[in-house]
Amino acid sequence: MTGGAPGDLGGDGIRDQGGGRYGEAVFRPEQAGEGDRIDYGALAYDDITMARLRALGVGPGWRCLDVGAGTGTVSRRLLDEAGVAGVLAVDRDVRFLRERRVPGLDVLEADITGPGFVPGRRFRLVHARFVLMHLPEPDALVTRLAELVEPGGVLVLSDAVDLTSDRTPDTPYTVAMRAMWRGLKDTIGTDVSWVPSYPRVLRGAGLEAVAAEIHVPPLTPGSPLSRFWADTWQRSRAAMLATGLVDDAAVDEAIRYLDSDACAALSAGMLTVWGRKPEGDGAPA
Numbered sequence: 001m002t003g004g005a006p007g008d009l010g011g012d013g014i015r016d017q018g019g020g021r022y023g024e025a026v027f028r029p030e031q032a033g034e035g036d037r038i039d040y041g042a043l044a045y046d047d048i049t050m051a052r053l054r055a056l057g058v059g060p061g062w063r064c065l066d067v068g069a070g071t072g073t074v075s076r077r078l079l080d081e082a083g084v085a086g087v088l089a090v091d092r093d094v095r096f097l098r099e100r101r102v103p104g105l106d107v108l109e110a111d112i113t114g115p116g117f118v119p120g121r122r123f124r125l126v127h128a129r130f131v132l133m134h135l136p137e138p139d140a141l142v143t144r145l146a147e148l149v150e151p152g153g154v155l156v157l158s159d160a161v162d163l164t165s166d167r168t169p170d171t172p173y174t175v176a177m178r179a180m181w182r183g184l185k186d187t188i189g190t191d192v193s194w195v196p197s198y199p200r201v202l203r204g205a206g207l208e209a210v211a212a213e214i215h216v217p218p219l220t221p222g223s224p225l226s227r228f229w230a231d232t233w234q235r236s237r238a239a240m241l242a243t244g245l246v247d248d249a250a251v252d253e254a255i256r257y258l259d260s261d262a263c264a265a266l267s268a269g270m271l272t273v274w275g276r277k278p279e280g281d282g283a284p285a
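Going by our numbering, the sequence shown runs without a break in its numbering and finishes at 285.
In structure tokens, the structure reads:
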């Protein structure tokens, strides 16, 4: 989910922990309304993503790689608003990208964890949002993505930060969120616990001027984000129930709670970290 959001989060790669696969065990792209679910999340996060990319200087002349591009909202905004020279949008399933092609947008169907993922060039911007949290060996993948950044270019990664814990008061929302994160970890290996280590990982990949920020959008009745979470819980309901932390009644109650004035909760945060490739790094791609 570069164009996606925490429960979509890209769609590249697999986790073997629970024997499942993103896009098959849950969040199947062929399921009716899946593209709309991804877009609801994009509406909540795209503005902050674009503001950060523009602040980093992304603009005319830049060649960009958008990993786990989802429905392509960020890819298209890079072209339309930032005026970049071109975007290569990569996802394991590109049906939504093919439906919304625009000039300057190239589409590559590929699994970034596979040995065949070789874009063949470097990019001024390499961007992945809500992707690595679903993948095995994220540290190694960060290093791999950093190698695709040209000297002077930037790597920008965003992933979810779970703001619920055992000490967070129980509400229909927090109960459902805990069950969702546990269910996704058990089913497809999603793991957000390592996300706060992003800055250290980028430093270890040889990037400079590393910095990070966190964004927590508000949960309001009827908002795109609330609709995103409600739809995400519906689609991951089986995984949530399998944890034993919720039953059907609890999931239904959480969905109603999201659309009520009683809702008072923190959504999952989006942690974004960036780093710049040293100008003198002339190693071959």
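Ideal placement from N, C-alpha and C gives every residue a C-beta, glycine not left out. Quick caveat: nothing in here was measured; it's all calculated off a predicted structure.
Assignment of residue 151 by DSSP, reduced to helix, strand and coil, places it in the strand class. Annotation for residue 217: 44, 225, 267 place their beta carbon closer than 6 Å to its own, counting only its chain and skipping 5 residues before and after. With a threshold of 16 other beta carbon atoms within 10 Å, residue 239 meets it and is buried. The residues 157, 212, 271, 273, in chain order, have a CB closer than 7 Å to that of residue 198 in the same chain once the five nearest residues on each side in sequence are set aside.
Here residue 117 is not near residue 63, since their CB atoms are 8 Å or more apart.
The beta strand (DSSP E) runs of length 3 or more contained entirely in the region 103-170 are, from start to end of the chain, 105-109, 123-129, 149-161. Residue 40 has its alpha-carbon roughly 11 Å from the corresponding atom of residue 71. By the Cβ neighbour-count rule, residue 194 is exposed, with fewer than 16 other Cβ atoms within 10 Å of its own. Residue 248 sits in a helix when the DSSP states are folded into three classes. Residue 112 and residue 141 do touch by the CB rule: their CB atoms are close to 7 Å apart, below 8 Å.
Residue 166 and residue 176 have their alpha carbons spaced roughly 13 Å apart. Secondary structure note for residue 63: it is in no alpha helix (DSSP H), and the uninterrupted beta strand (DSSP E) holding it is 63-67. Around the Cβ of residue 25, a 10 Å sphere holds 16 or more other Cβ atoms; the residue is buried. Closest in alpha carbon position to residue 137, among 244, 106, 191, 101, is 191. Under DSSP, residue 212 forms a beta bridge with 273. At a cut-off of 4 residues, the continuous stretches assigned as alpha helix (DSSP H) that sit fully inside the region 172-249 are 172-188, 198-204, 224-235, 237-242. For residue 84, the closest of 243, 174, 50, 202 by C-alpha to C-alpha distance is 50. Closest in alpha carbon position to residue 179, among 232, 54, 35, is 232. Secondary structure note for residue 88: its beta strand (DSSP E) is the uninterrupted segment 86-91.
About 5 Å separates the beta carbon of residue 22 from that of residue 134, a gap short enough to meet the 8 Å contact definition.
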